[in-house]
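Structure, as structure tokens:
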Ligand code: AMP
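In this note's numbering, the protein residues as written are 91 to 547.
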């Protein structure tokens, strides 16, 4: 998964992109990059690691120009290396192309094979690079038309920001898989994965980039839009509401906080926990859902688990050993709250079960008498091919075990997941128009022929 931010028409464009990336850090922590453009010149900084560590004032001074874009990366296609850090930048005889991508292109391997057969030389293992090559070859005149041409036949999920010359272009795939919003800051146009990144720079939210829409902002501020053939239905990723986006954001036009609270309330209706003493969340991603559960059930909400904020997201670690060690480093239970109590632990999802098993052990060791777990998304039984890192079915605990089996595996007294219908009915603008393939197995596209090759690295 990734976060993208772009701004055109502001003298401090790169500095604002930097700020915006702070608000998109949760979408990717492996690498970060900012590229600025001015009168045919481009300047780039890309580095592994966190936004706060990479962009010193000296480096930032090199990023001149009124046009900039930034990217935070969490690899779902291609390995975690500096060559794969974005924004991708190529210089060629037609000028330069800069690209930042959030999503996963399901037919990138086939397109890449075709391009390589024609002589293209790739410099990364990212799926996104195929769009850069296609763009360089596009014959259309205007940047937005070039992008439309380059995206012909490209399948899968993409929210994109592209710089062609001095034009900033934003695009979403016709199914609307990943979010992308557009805002204004005085005269400047701003695009971001989530509205929290517009808030931090003081921009006002104008609207979503529509599914299948391409928006181009020329150097003089003129905005042109191009609507590609609409898809018969939308496949917005419901997991953005469940887990990925920040609760202070609006995505797909709806409030993430409201969505999570509604999920928590619905969960409490479907799987109450009578007799429990209190509810607590696995911070931070399930805080709002736990609040919803507490509101609906009438149980008090306690802060029974403390998260160390200086440790990154547990799951956003490319290897299993990295994940295991981090559970204890990241969470510590409050014994004074838990001792002797029957407790409801609310989390937004169970993926591999590694974090959850570790957490339950911690909660019991802190003296809890009974641990009842409630989950605000249904069992994840399949991989995501559209940008969330849940690639191998074999690693998904719910693909191998029944709910009772999972309860045993993770060591809880009871386990309740929200139903698929319950989840889709609770999120804003549901139940139609969402991709829920990882829960339901209903993949809206044919699965990639070579899923492993999605991870090209
Ligand atoms: P696990 O122990 O592997 O089941 O991980 C579950 C935890 O990972 C939950 O607390 C979720 O909030 C979090 N999580 C779920 N999906 C993802 C994801 N794609 N990336 C990062 N973290 C995730």
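We treat Cβ as the ideally placed atom computed from N, Cα and C, and that holds for glycine. Values in this document were obtained by computation on a predicted structure and should not be read as measured data.
Could you please give the first and the last residue of the uninterrupted alpha helix (DSSP H) stretch that includes residue i?
i           : result
residue 289 : 285–291
residue 377 : 377–387
residue 223 : 219–227
residue 454 : 444–455
residue 425 : 425–428
Closest by CA to residue i, which one among the options?
i           : options               : result
residue 119 : 459, 139 and 332      : 139
residue 275 : 258, 427, 263 and 295 : 295
residue 293 : 128, 187, 307 and 109 : 109
residue 286 : 311, 335, 331 and 248 : 335
residue 281 : 116, 244, 103 and 150 : 103
residue 95  : 240, 468, 299 and 328 : 299
residue 123 : 148, 161, 273 and 186 : 161
residue 522 : 528, 511, 531 and 529 : 511
residue 317 : 310, 241, 386 and 164 : 241
residue 424 : 445, 489, 449 and 516 : 449
residue 392 : 310, 378 and 401      : 378
residue 174 : 93, 216 and 164       : 216
residue 399 : 264, 374 and 97       : 374
residue 526 : 499, 468 and 148      : 468
residue 234 : 305, 499 and 270      : 305
DSSP state of residue i, grouped into three classes?
i           : result
residue 331 : helix
residue 323 : coil
residue 123 : strand
residue 368 : strand
residue 516 : helix
residue 116 : helix
residue 187 : strand
residue 195 : strand
residue 93  : strand
residue 357 : helix
residue 405 : Because residue 405 carries a pLDDT of 49, less than 50, the predicted location of this residue cannot be relied on, and no value is offered for it.
residue 278 : strand
residue 535 : coil
residue 296 : strand
residue 530 : helix
residue 110 : helix
residue 493 : helix
residue 374 : coil
residue 101 : coil
residue 437 : strand
Which residues bound the beta strand (DSSP E) around residue i?
i           : result
residue 505 : 504–507
residue 275 : 271–275
residue 315 : 313–317
residue 395 : 395–397
residue 483 : Unbroken run through residue 483: none, as it is neither H nor E.
Residue i and residue j look like a contact to me (Cβ under 8 Å); what is the Cβ gap, rounded to whole Å?
i           : j           : result
residue 508 : residue 353 : 6 Å
residue 465 : residue 439 : 6 Å
residue 266 : residue 324 : 5 Å
Exercise for review: Entirely within the region 129–180 and at least 3 residues each: give me those beta strand (DSSP E) ranges in chain order.
Suggested key: 131–138 and 157–163
TODO: Would you mind listing the alpha helix (DSSP H) stretches within the region 225–261 that are 4+ residues and don't spill past its ends, in chain order?
DONE: 233–241
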